[in-house]
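Asker: One structure is given below, represented as structure tokens, and several questions about it will come after.
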Amino acid sequence: MYFGLSEDQIFFQDNIKRFLEENSSVDILRKIAADDRTFAKDIHDGIVNLGINGLLVPEEFGGLGLDILFAAAISESLGYGAGATPFVGSYVMAPIAIIDGGSDKQKQNYLTNVASNEVKFGVGFSALTGARDDSEIQIKGNKISGRSLFVLDYEYATHFMISDINGCIGVIDAQANGIDLVELKTIDRTRNVCELILKNVDFEILEQTKNSKNTAEKVIDAGRIMLAADSLGAAQNMINKAVDYAKERKQFGRAIGSFQAVKHMCAEMVAELEPCYALIWHAAHAQKHMPNEARLMACQAKSHLSDVTKEVAKKSTEVHGGMGFTDLLGLHYWFKRIGLNRQLLGTPERVREEAALLQLN
Amino acid sequence: MDLHYSKEYLDFEKEVKAFCKKYDGVTFTDASKNPLASLSSKKKKIQVTRSEWQKILIEQGYFARAVPKEYGGYGGEPDILKSRIIATEFSKAKTPAPMGGQGIDMLVPTLLEMGTQEQKEKYIKPTLHGEMIWCQGYSEPNAGSDLAALQTKGELIDGEWVINGQKIWTSTAQYSQMMFCLVRTEPEAQKHAGISYLLIPMDSEGIEVRPLVDMTMKAGFNEVFFTDVKIPETNIVGKRGEGWAVANATLGHERGSLAPPDAIMNRLNMLIDLMKQEKLDGKPLIEHSIYRDRLMKIQGKIMASQSHALRLLSAKLNPGQDVKVGKMIQKLVGTELRHELEGLAIDVMGEIGVLYEDSPHLRDKGSWQFIYMYFLGLIIGGGTSQIQKNIISERGLGLPKEPKVQGAQ
Ligand SMILES: Cc1cc2nc3c(=O)[nH]c(=O)nc-3n(C[C@H](O)[C@H](O)[C@H](O)COP(=O)(O)OP(=O)(O)OC[C@H]3O[C@@H](n4cnc5c(N)ncnc54)[C@H](O)[C@@H]3O)c2cc1C
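Those protein sequences? They're chains A and G, same order as listed.
For the first sequence, position 90 (counting from the first letter as 1) is numbered 90 according to the UniProt record's numbering, and the numbering increases by one without interruption.
For the second sequence, position 329 (counting from the first letter as 1) is numbered 329 according to the UniProt record's numbering, and the numbering increases by one without interruption.
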């Protein structure tokens, strides 16, 4: 019995952390936030070079054939380093949708190209996870119309993958006629989201998703675990920064970390966050090995992490005093990352409601 | 990640399940009135005494597994996974767990580690069999969180320890045959170096026990007064002045045992059932979305702590895994979470939730209120939550210690 990450998983994590440490300083994050996207592109390319695009793609299609736990480990390290790259949509949700819901031909067609990085997906599932501003998707035959809000990972997308409210998932070519792409600006500029306004666009439905929600559920569960893991990494980084700062910064002639108010904030953050590692690993592991518990654990991982990390983001900022509030220190890039993760693919209340319904029926 | 049990453990799991089935509905002829103990079962089938139950469990190797036979244990290899399987299956089947308490959870491991041959032979067996109850005499009126400030005095006179002073908050002292006690024997030495760990028979002349009623309205703890109490010189564990180290070893054992992870899962399931049955304005509480959200919220926390317990278990089996801070948070998180869970049940029941003792309309024998309050005691006892946070931040995160007040030791 072994409960934890494998050596391979930790090795991959370390590679990503090291790459981001070297290439994504706060100065770079600041430039990215100021819309200098060339820096974001460099980071994205570097991360892809480490092999994340083919992570979940089965080996027969040229990928690494790894599992959701592996992806969660990577998501954690991307959150830790605030990696300005697509991940959750392009390299987790989209491949899972195709693996689970695609026909043989669709698998051959798309998975091979995801693994070779020629196809990159933007992913819009908000019709299922909480439609805002009256957005709606209609699928008629091989055409799709309507609006999809908060489409993930659109920036380099060659294709979009959209789901309607029934979990019917399909693919559109980003160059197709009838697509109006509206960039949205969230607080977090390390990952961008957009709105797609679609008018009668050619739509290739994934074969198995025509009459079944199963694939969509799996995709959302995996996406939620990734967001939760991303927040875990981001929160851990914020705690580390707060603890380091508390040891150095002096007031009243002593390190602020010797004040109990500060000390206890740090202890509380750790006490809340530490068990979250196990929850994420367990939930990710469950996606493959514990089908009966997979959905519930994914929901609980997402909503619990959303709450814990929100609190960590607040407290670790407070530990830094005024400095925590500045752009100079840049702690807020992680604060915002956690803030975005919390709302995407279902707010905590909504996800908990899903968790409840899973258990009632 | 590998959560599979090998064949040996799957077989063992089957064996334990069969045992639980055989003893389904077992009750104790000498059950205590403590609602925590009497909740386990409603059906009356097999009846035994507490002590007989201990012996049955030891014989099976389900309790005191790694304690040598000569001291009354099962005499097997320690096996963490098997212990885990036993705890899980017992909890699932609501089979009564072996007796715990300070003698079994704290003193026995300490004696096994640091006791003399004679002490091991004399004390371990009756303690494991539930025939010798121990209390922990650490805290004093002026030495609580600052335990090392304790002043109860022990002098070695003519081959006997002569003890004078007072202990307080001593749980179960009124039922105990023995006390393991911290006493200042080296008044000249520095604070922590002047303490010894003594074993005191509670029927010694000069001991007076005065029960203290706690907020649950039961006398859970006591004041214990010592006036020229004499015990043999050999009733010391470790050397003179080494009591602090001996006590710290036992505190470690206590913190591990205060908030067992399986118990909270059972209570969560009970709460879910309760919310399906209980109604507010004619509608089951589980259908009221606000209460349901609170239920889901605490379920998330409990799932995290369950998974975390697996991680800690794994770290025991796989020595490379680093869980230093992960272990330190357990007392804090475990006791606070349980208190919160019990409190949620009270909120769910509203006015019904504050009924107590033998009131009409009372639910589940008043256990939710009782445990809610009881766990506030555990949040304070065994090192308060604030002290836990000091430990986590100083020893876990390396934050600097509070500067000492001038003149304080
Ligand atoms: C149910 C129960 C059972 C118990 N059973 C036993 C037993 O069997 N044997 C035994 O020896 N003892 C027992 N105790 C005693 C228990 O260990 C002490 O109550 C506990 O250590 C706190 O000490 P105190 O009560 O003197 O509180 P104090 O130490 O006076 O604490 C009062 C408040 O001050 C805070 N405080 C104190 N020092 C610090 C600090 N350095 N930093 C931050 N905050 C601080 C505390 O957190 C607390 O909030 C029991 C207590 C309870 C509640």
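Even glycine gets a Cβ: it sits at the ideal position worked out from N, Cα and C.
(1) At a threshold of 8 angstroms, does A:C168 count as lining ligand 1 (C-beta to nearest heavy atom)?
(2) With 8 angstroms as the limit, tell me which residues of the segment 42-74 of chain A have their beta carbon closer than that to any beta carbon of chain G; keep them in chain order.
(3) Compare the C-beta of A:K315 against all C-beta atoms of chain D and say whether one is closer than 9 angstroms.
(4) What is the DSSP secondary structure of G:S38, reduced to helix, strand or coil?
(5) Going by DSSP, which residues form a beta bridge with G:R184?
(6) Is there at least one Cβ from chain G nearer than 9 angstroms to A:V92's Cβ?
(7) I'd like to know whether the C-beta of G:R292 is nearer than 9 angstroms to at least one C-beta of chain A.
(8) Let's test the definition: count the other Cβ atoms within 10 Å of the Cβ of A:V270 and tell me whether it reaches 16, buried, or not, exposed.
(9) Counting only the same chain and skipping the five closest in sequence on each side, list residues whose C-beta sits under 8 angstroms from that of G:P400.
(10) Please check if any C-beta of chain G sits within less than 9 angstroms of the C-beta of A:I108.
(11) Is the Cβ of A:W281 closer than 9 angstroms to any Cβ of chain G?
(12) What does residue 363 of chain A reach in chain G if we use C-beta pairs closer than 9 angstroms?
(13) Between which two residues does the alpha helix (DSSP H) carrying A:I179 extend?
(14) Is A:H159 helix, strand or coil by DSSP?
(15) Which residues does DSSP list as the beta-bridge partners of A:S145?
(16) Tell me the DSSP secondary structure of A:C168 in three-state form.
(17) Check whether the Cβ of G:L198 sits closer than 8 angstroms to any heavy atom of ligand 1, and report yes or no.
(18) In the DSSP assignment, the alpha helix (DSSP H) including A:L55 goes from what residue to what residue?
(19) I'd like to confirm the pairing. Which residues does DSSP put opposite G:V229 in its beta bridges?
(20) For A:I309, count neighbouring Cβ atoms within 10 angstroms of its own Cβ and tell me buried if that reaches 16, exposed if not.
(21) Name the chain A residues whose beta carbon is nearer than 7 angstroms to that of G:E402?
(22) Which chain G residues sit within Cβ distance under 8 angstroms of A:H285?
(23) Using beta-carbon positions only, say whether G:V354 and G:L295 come within less than 9 angstroms of one another.
(24) Nearest by alpha-carbon distance to A:R350: which of G:L378, G:D293, G:R267 is it?
(25) Quick check: the Cα distance between G:K22 and A:E293, rounded to an integer number of angstroms?
(26) Looking only at its chain, what residues have a beta carbon closer than 6 angstroms to the beta carbon of A:K120, apart from the 5 residues adjacent to it on each side?
(27) By the 10 Å Cβ neighbour count, where 16 or more other Cβ atoms means buried, how is residue 429 of chain G classified, buried or exposed?
(28) Per DSSP, A:K250 is paired with what?
(29) According to a CB-to-CB cut-off of less than 7 angstroms, which residues of the segment 316-335 of chain G neighbour chain A?
(30) Alpha carbon to alpha carbon, how far is G:S196 from G:K239? Give it in angstroms, no decimals.
(31) How long is the line joining the alpha carbons of G:D262 and A:I144, rounded to whole angstroms?
(32) Would you say the beta carbon of G:G326 is closer than 8 angstroms to some non-hydrogen atom of ligand 1?
(33) Chain G beta carbons: is any one of them nearer than 9 angstroms to that of A:F3?
(34) If you run the structure through DSSP and keep just helix, strand and coil, what is G:G398?
(35) Would you mind sorting A:Q300 into buried or exposed? The rule is 16 or more other CB atoms within 10 Å of its CB.
Answerer: So, to answer that:
(1) A:C168: no, Cβ never under 8 angstroms from ligand 1.
(2) Here the close residues are L69.
(3) Reference to chain D is not applicable here, since the protein chains of this structure are A and G.
(4) Confidence is the limiting factor: at G:S38 the pLDDT is only 49, short of 50, which leaves the residue's position unreliable, though a coordinate-based value still follows. In this structure, G:S38 counts as helix in the three-state DSSP scheme.
(5) DSSP lists G:K153, G:I195 as partners of G:R184.
(6) No, A:V92 lies away from the interface with chain G (no Cβ there is under 9 angstroms from its Cβ).
(7) Taking Cβ atoms only, chain A reaches closer than 9 angstroms to G:R292, which makes this a yes.
(8) Buried.
(9) The answer, listed in chain order, is E394.
(10) For the sequence presented, residue 108 of chain A should be read as Gln rather than Ile. Not one chain G Cβ lies under 9 angstroms of A:Q108.
(11) For A:W281, the nearest CB of chain G lies under 9 angstroms from its own CB, placing it at the interface with that chain.
(12) For chain A, the structure presents residues 1 to 361; residue 363 of chain A sits outside this window and is missing.
(13) The continuous stretches of alpha helix (DSSP H) do not include A:I179, which lies in the beta strand (DSSP E) extending over residues 179-184.
(14) Of the three classes helix, strand and coil, the one that applies to A:H159 here is strand, per DSSP.
(15) Beta-bridge annotation (DSSP): A:S145 is paired with A:Q138.
(16) Coil at A:C168, not helix or strand.
(17) No, the beta carbon of G:L198 sits no closer than 8 angstroms to any heavy atom of ligand 1.
(18) Neither: A:L55 is in no alpha helix (DSSP H) and is coded neither H nor E.
(19) Within the DSSP bridge table, the entry for G:V229 names G:I163 as partners.
(20) One detail in the question is off: residue 309 of chain A reads as Thr in this sequence, not Ile. Counting of Cβ neighbours within 10 angstroms places A:T309 among the buried residues, the total reaching 16 or more.
(21) Around G:E402, the beta-carbon contacts reaching into chain A at under 7 angstroms are S258, Q260.
(22) Ordered by position in chain G, the residues that pass the 8 angstroms Cβ test against A:H285 are M1, L3.
(23) Not a contact, by the Cβ cut-off of 9 angstroms.
(24) The candidate whose alpha carbon is nearest that of A:R350 is G:D293.
(25) The straight-line gap separating the alpha-carbon atoms of G:K22 and A:E293 is approximately 29 angstroms.
(26) Counting only Cβ-Cβ distances below 6 angstroms, and skipping sequence neighbours, we find S90, Y156, A157, T158.
(27) Lying outside 1 to 409, the shown extent of chain G, residue 429 of chain G is not represented and no answer is given.
(28) DSSP output for A:K250 lists A:A255 as bridge partner(s).
(29) Identification of residues in the segment 316-335 of chain G having a C-beta nearer than 7 angstroms to some C-beta of chain A yields L317, N318, Q321, V325, G326, I329, L332, V333, given in sequence order.
(30) In this model, G:K239 and G:S196 are separated by some 7 angstroms (Cα to Cα).
(31) In a straight line, the C-alpha of G:D262 is about 50 angstroms away from that of A:I144.
(32) For ligand 1, not one heavy atom lies less than 8 angstroms from the Cβ of G:G326.
(33) Yes - at least one Cβ of chain G is within 9 angstroms of the one on A:F3.
(34) It is coil, neither helix nor strand.
(35) Buried, since its Cβ has 16 or more Cβ neighbours within 10 Å.
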